[in-house]
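S.K.: Take the working numbering: the last position of the sequence shown gets the number 860, and nothing is skipped along the way. First, the structure itself, so that you have it in front of you.
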Amino acid sequence: MADREDLIMQLYKESFGKTFNKYDISVRYDNRDGSLHMNEHREGEEHFTKAQIEAAMKYFKENIEKFKKSGVEASRKKVYEISVAAISLMTHPQDDKK
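Pasting the structure below:
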């Protein structure tokens with residue numbers, strides 16, 4: 763659970779340009795199904811399923827690992843692009859019915 767929540771918080775920081783603040787957003791982790799509920803007070807609730815979080819985490823880690831293997835240090839812009847793509851996977855998961 764901690765890894766998933768850490769990823770969400772990293773993506774939050776990259777997306778909104780600020781560190782997570784408990785007054786901006788509240789987080790509730792559902793142990794029953796592994797989903798994470800994030801309630802940003804101005805925007806309403808976001809619900810990320812366990813599958814969405816795992817897909818985003820996998821994508822994020824694989825792409826960061828590519829930079830490590832290539833010997834090229836990931837730039838902040840590239841980390842941001844990877845983060846945005848990971849968020850996209852969480853909000854619009856890939857259809858597994860192929």
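For glycine and all other residues, C-beta sits at the position ideal for the given N, C-alpha and C.
What is the DSSP secondary structure of D795, counted as helix, strand or coil?
M.R.: Position 33 of the sequence shown, counting from 1, holds the residue named residue 795. D795: coil per DSSP, three-state reduction.
S.K.: Quick one: what's got a C-beta closer than 7 angstroms to L773's C-beta in the same chain, skipping five residues either side?
M.R.: Locating residue 773 in the sequence shown gives position 11, counting from the first residue. Cβ within range, chain order: S845, A848 and I849.
S.K.: If we ignore side chains and look at the alpha-carbon of each, how far apart do K780 and S797 end up?
M.R.: Taking the first residue of the sequence shown as 1, we reach residue 780 at position 18. Taking the first residue of the sequence shown as 1, we reach residue 797 at position 35. Roughly 23 angstroms separates the two Cα atoms.
S.K.: Please determine, among F822, S832 and K831, the residue with the shortest C-alpha to C-alpha distance to E776.
M.R.: The sequence position of residue 776 within the sequence shown is 14, counting from 1. Closest by alpha carbon: F822.
S.K.: On the DSSP letters alone, give me the boundaries of the alpha helix (DSSP H) that A820 sits inside.
M.R.: As a first step, residue 820 is located in the sequence shown; it is residue number 58 there, counting from the start. Before going on, a small fix: residue 820 reads as Lys here, not Ala. Looking at the DSSP string, the run of the alpha helix (DSSP H) that includes K820 is K812 to S832.
S.K.: How big is the Cα-Cα spacing for K840 and K828?
M.R.: Numbered from its first residue, the sequence shown carries residue 840 at position 78. Numbered from its first residue, the sequence shown carries residue 828 at position 66. Using only the alpha carbons, I get a separation of about 12 angstroms.
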